[in-house]
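Asks: The structure is given below, and queries will be raised subsequently.
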Amino acid sequence: MSTEFVYEALPMRVVFRPGAATTAVAAEAERLGLRRVLVLSGSRGRDVAQAVADSLGDACVGVHPGAVMHVPVEVADEAVDVARKLDADGCVAVGGGSAIGLGKALALRAGLPLIAVPSTYAGSEMTPVWGLTENGVKRTGRDRAVLPRSVVYDPELTLSMPPALSGTSGMNAIAHAVEALYAPDASPVISLMAEEGVRSLAAALPVVADARSQALYGAWLCGACLGATTMGLHHKLCHVLGGTFNLPHADTHTVVLPYVLAFNSPAVPTTLAALRRALGTPDPALGLYDLAGRLGAPRSLAALGLPREGIERAVGLAAATPYANPREASPDDLRAILTAAYEGAPPATGL
Ligand code: NAD
């Protein structure tokens, strides 16, 4: 354990219980003094969003099912318009990272307090990070104003996730914890959450139908790690691949993580020790690759639709902006990592 660190706790209020989406949100809104709440979702989540809206009764002024992946600015602008027309004083985002991302855009642009009701393991609800996509480039920033005032975790909402999404979304959460373990602002408290989050998810995901609460608990801890630390090379690459090539978020995380961890492995012995305990495997990068295989998840960027020529563009974009990483990655290293992820063979860690 490092004996020097800075740990800053983010304000975090969590209500965690089966059924909470329709039994806890109204009380959370009341606690925040909200009387004119707008409920946001994607088009798929409209029915659940309506059920949440019904549970709010008169405190709800409408449902806006307009969320899409990566929060295009036009989609954010439209939601701000809807909120202003309805004179909303707060919002509840119901769904995956895309719906919560739209809620964060409303918090950022219209100053509305946000209650998040996550239905995947993406973890956005635990972070002060917002993202907006304009002209094929995704911008992100940190602002405490977008951190949800309250997070309502309802394992029942995750029951409808198809097995493929459960697997990749869970791997997405594990990626947050892996990078938190070797982040420049890692701390013993966050490392505990990261190890427990990975352990909980790795145990729950292969039997997820019986272990939804355990998986969602792990996703919460991994999301909290993401909120507390600086993202590294893995998140940088996924951000570029998602923003520029519109690759699906959780699938991209699932494919890329073993290769970045394999690259970083020689530089992060303490992270490897934590991941060996959490995953019960001697080679964590290979262990994560195997876990993705057991989950039936895609394991190559080619399978996700990245054109081979895209590798060079992604190298350029990733090399152009700085990010924290425990091992410096040259453009040649980035090319090698992305080519390996494109091809999808088992990662070579040399462990
Ligand atoms: P998503 O919200 O786009 O959901 C993926 C798909 O699954 C969608 O089609 C959605 O309708 C569907 N879905 C969601 N929940 C479901 C459920 N319970 N049952 C069945 N289908 C369901 O994807 P995601 O992986 O949750 O989130 C990805 C987005 O979140 C990306 O834009 C990413 O950048 C962002 N994100 C941001 C942060 C942050 O800190 N700002 C953190 C993580 C993710």
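Residue 3 is where the sequence shown starts when you use my numbering, and the numbers rise one by one after that.
Heads up, the beta-carbon is just placed ideally off N, CA and C, and yes, glycines get one too.
#1: For a quick check, are the C-beta atoms of residue 130 and residue 34 less than 8 Å apart?
#2: Got a sec: is the Cβ-Cβ distance from residue 293 to anything in chain C below 8 Å?
#3: Please report the residue range of the alpha helix (DSSP H) in which residue 215 lies.
#4: Starting from residue 116 and walking both ways along the beta strand (DSSP E), at which residues does that stretch end?
#5: Under 8 Å between the Cβ atoms of residue 27 and residue 84?
#6: Please report the residue range of the beta strand (DSSP E) in which residue 16 lies.
#7: Could you spell out the range, first to last residue, of the beta strand (DSSP E) harbouring residue 135?
#8: Is it right to say residue 352 is buried, meaning 16 or more other beta carbons lie within 10 angstroms of its own, or is it exposed?
#9: To which residues does DSSP link residue 152 through a beta bridge?
#10: What do you reckon, is the C-beta of residue 163 under 7 Å from a heavy atom of ligand 1?
#11: Figure out for me which residue from 345, 238, 299, 40 has the closest Cα to the Cα of residue 327.
#12: Identify the continuous beta strand (DSSP E) that holds residue 100 and give its terminal residues.
#13: For the segment 160–180 against the segment 190–207, do three or more pairs of beta-carbon atoms, one drawn from each stretch, fall closer than 8 Å, so that the two count as touching?
#14: Quick check on DSSP: helix, strand or coil for residue 169?
#15: Quick one: what does DSSP say residue 43 is sitting in, helix, strand or coil?
#16: Start and end of the beta strand (DSSP E) containing residue 66?
Replies: Let me spell this out:
#1: no
#2: Absence of chain C from the displayed structure is noted, only one protein chain being present.
#3: 214–230
#4: 116–120
#5: no
#6: 16–18
#7: 131–136
#8: exposed
#9: 117
#10: yes
#11: 238
#12: Careful: residue 100 lies outside any beta strand (DSSP E), inside the alpha helix (DSSP H) at 99–112.
#13: yes
#14: helix
#15: strand
#16: 62–69
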